[in-house]
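Engineer: The structure under discussion is supplied below as C-alpha cells; questions concerning it will follow.
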Amino acid sequence: EAQVTQNPRYLITVTGKKLTVTCSQNMNHEYMSWYRQDPGLGLRQIYYSMNVEVTDKGDVPEGYKVSRKEKRNFPLILESPSPNQTSLYFCASSLSGTENTGELFFGEGSRLTVL
Amino acid sequence: AQSVTQPDIHITVSEGASLELRCNYSYGATPYLFWYVQSPGQGLQLLLKYFSGDTLVQGIKGFEAEFKRSQSSFNLRKPSVHWSDAAEYFCAVATDYNFNKFYFGSGTKLNVKP
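Written out as C-alpha cells, the structure reads:
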C-alpha cells in the first residue's frame, strides 16, 4: 500500500530534550516536506526537500532541522524543543519534475507536546 | 506576501443540503489552487485542483470548485452533503509550477446535522 509513515504518532517531551520525528514514504517520491498545524493557522511549511541532499526552508523553519540522506526518508529534528513547538506535524511527499501533478500525499500526523 | 483566507471557521449544514466553502487567495501571478479534506485523526487528502483552463473543476466525492480571477476566489461546492462529509477542509495555493512551496488557509470545519 502506498503510504507516508510518521513516527511517533504521539509524543510528550520536556523542554530541551532533543527529539526526531521520522517520515518514510514508499512511493519513490523525490519531493518531501514537513508542516505544522496549529488551530486557526492552518498548515505552515517548515522545510522541504526536492531530492536527496537538497533541502530548503519553508515559512517557519526556526528551531527545526532536517536531513535527506535517502530518497524515502525525511526526518524532522528538534535539537532543543520549546513549548511553542507543541503542535501537530505532518510529513508529505509528491513526485517532482514533469510527473509532478502538485498533489501532496500526507502522513497521518505526529502530535507533539513539549512541557 | 502570499496568503490564503478561509473566512468561515465552522459551518453546519443539514444532511442533503448544499454546501459552499469560501476561499480567497492573495497572489500576483496565476496561482495553482487546491482543496484538501482532513477527516478526524487523519492526514489530508486532495479533493481537487485548478491550474488553468475551465474555471469549474470537478473533484472526488462529488465536490466541485470554481475559480474566479476577478474575485481572487476558489470556492468549494457540493450540491448535497452527506454525513460522511463532516471534516475539516483546507484551501491551498502553490506559487510555482515546481510545487515546492505551498500556502494553506486556516481551514473550515464542517459539521453535518442529521
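Chain order of the listed sequences is A and B. Straight run, no breaks: the first sequence in our numbering ends on number 158. Straight run, no breaks: the second sequence in our numbering ends on number 279. For every residue, glycine included, the Cβ atom is placed at its ideal position computed from N, Cα and C. Since the structure is predicted, the reported quantities are computational estimates derived from the model, not experimental observations.
Quick one: list the residues of chain A neighbouring S271 (chain B), beta-carbon separation under 7 Å, in chain order.
Structural biologist: Within the second sequence, residue 271 (chain B) is the residue found at index 106, counting from 1. Chain A residues near S271 (chain B): G83, L84 and G85.
Engineer: Taking the Cβ atom as the reference point for each residue, do V157 (chain A) and S136 (chain A) lie within a distance shorter than 8 Å?
Structural biologist: Numbered from its first residue, the first sequence carries residue 157 (chain A) at position 114. Numbered from its first residue, the first sequence carries residue 136 (chain A) at position 93. No, the Cβ-Cβ distance between V157 (chain A) and S136 (chain A) is not below 8 Å.
Engineer: Which value, in whole angstroms, describes the spacing of the CA atoms of L138 (chain A) and N71 (chain A)?
Structural biologist: For this step, residue 138 (chain A) is matched to residue 95 along the first sequence. For this step, residue 71 (chain A) is matched to residue 28 along the first sequence. The alpha-carbon atoms of L138 (chain A) and N71 (chain A) are separated by roughly 8 Å.
Engineer: Please state whether the Cβ-Cβ distance between V103 (chain A) and I89 (chain A) is less than 8 Å.
Structural biologist: For the purposes of this step, residue 103 (chain A) is taken as residue 60 along the first sequence, with counting starting at 1. For the purposes of this step, residue 89 (chain A) is taken as residue 46 along the first sequence, with counting starting at 1. Yes, these two residues count as a Cβ contact at 8 Å.
Engineer: Buried or exposed: which applies to D219 (chain B), given that a residue is buried once 16 or more other Cβ atoms fall within 10 Å of its Cβ?
Structural biologist: Residue numbering aside, residue 219 (chain B) sits at position 54 when the second sequence is read from its first letter. D219 (chain B) is exposed by the Cβ-count criterion.
Engineer: Are the Cβ atoms of S153 (chain A) and L54 (chain A) separated by less than 8 Å?
Structural biologist: Position 110 of the first sequence, counted from the first residue, corresponds to residue 153 (chain A). Position 11 of the first sequence, counted from the first residue, corresponds to residue 54 (chain A). Yes.
Engineer: Can you have a look at D250 (chain B) and say buried or exposed, based on whether 16 or more other CB atoms are within 10 angstroms of its CB?
Structural biologist: Here residue 250 (chain B) is taken as the residue at index 85 of the second sequence, counted from 1. Buried, since its Cβ has 16 or more Cβ neighbours within 10 Å.
Engineer: From the DSSP output, in three-state form, read off I174 (chain B) for me.
Structural biologist: Working through the second sequence from its first residue, we reach residue 174 (chain B) at position 9. The answer is coil: DSSP assigns I174 (chain B) none of H, G, I, E or B.
Engineer: Have a look at L84 (chain A) and V202 (chain B) and give me their C-alpha separation to the nearest angstrom.
Structural biologist: In the first sequence, residue 84 (chain A) corresponds to position 41, counting from 1. In the second sequence, residue 202 (chain B) corresponds to position 37, counting from 1. Answer to the nearest angstrom: the Cα atoms are 16 Å apart.
Engineer: If you measure from the beta carbon of Y254 (chain B) to each beta carbon in chain A, is any gap under 8 Å?
Structural biologist: Along the second sequence, one-based indexing puts residue 254 (chain B) at 89. No, Y254 (chain B) lies away from the interface with chain A (no Cβ there is under 8 Å from its Cβ).
Engineer: Residues in its own chain within less than 6 Å of P172 (chain B) by CB, not counting five upstream and five downstream?
Structural biologist: On the second sequence, residue 172 (chain B) is found 7 positions in, with the first residue counted as 1. Result list for P172 (chain B): R187, in chain order.
Engineer: Sort out for me which residues DSSP pairs K274 (chain B) with in a bridge.
Structural biologist: Counting from one through the second sequence, the residue named residue 274 (chain B) turns up at place 109. According to DSSP, which records beta bridges pairwise, K274 (chain B) is partnered with B:H175 and B:E253.
Engineer: Using a C-beta to C-beta distance shorter than 9 Å, which residues of chain B count as neighbours of N143 (chain A)?
Structural biologist: Here residue 143 (chain A) refers to the residue found at position 100 of the first sequence. What N143 (chain A) touches in chain B: Y262, N263 and F264.
Engineer: If we ignore side chains and look at the alpha-carbon of each, how far apart do E330 (chain B) and Y132 (chain A) end up?
Structural biologist: Chain B is shown only over 166 to 279; residue 330 (chain B) falls outside these bounds and no answer can be derived.
Engineer: Taking the beta strand (DSSP E) that G227 (chain B) belongs to, which residues open and close that run?
Structural biologist: For this step, residue 227 (chain B) is matched to residue 62 along the second sequence. Counting along the chain, G227 (chain B) falls outside any beta strand (DSSP E), and DSSP gives it neither H nor E.
Engineer: Return the chain-ordered ranges of every beta strand (DSSP E) run that is complete within the segment 203-248 of chain B and spans a minimum of 3 residues.
Structural biologist: 209-215, 221-223, 229-233 and 238-243, all fully within the segment 203-248 of chain B.
Engineer: What residues from chain B crowd round E151 (chain A), counting only those whose CB sits closer than 8 Å?
Structural biologist: Here residue 151 (chain A) is taken as the residue at index 108 of the first sequence, counted from 1. G206, Q207 and G208, listed in chain order.
Engineer: Mind pulling the chain B residues with CB within less than 7 Å of G101 (chain A)?
Structural biologist: Working through the first sequence from its first residue, we reach residue 101 (chain A) at position 58. What G101 (chain A) touches in chain B: K266.
Engineer: Whole angstroms is fine: what's the gap from K112 (chain A)'s alpha carbon to P279 (chain B)'s?
Structural biologist: Here residue 112 (chain A) refers to the residue found at position 69 of the first sequence. Here residue 279 (chain B) refers to the residue found at position 114 of the second sequence. So the alpha carbons of these two residues sit roughly 50 Å apart.
Engineer: For a contact meaning CB atoms closer than 7 Å, what does S110 (chain A) contact in chain B?
Structural biologist: On the first sequence, residue 110 (chain A) is found 67 positions in, with the first residue counted as 1. Near S110 (chain A) there are no residues of chain B at all, since even the closest Cβ is about 18 Å away, more than 7 Å.
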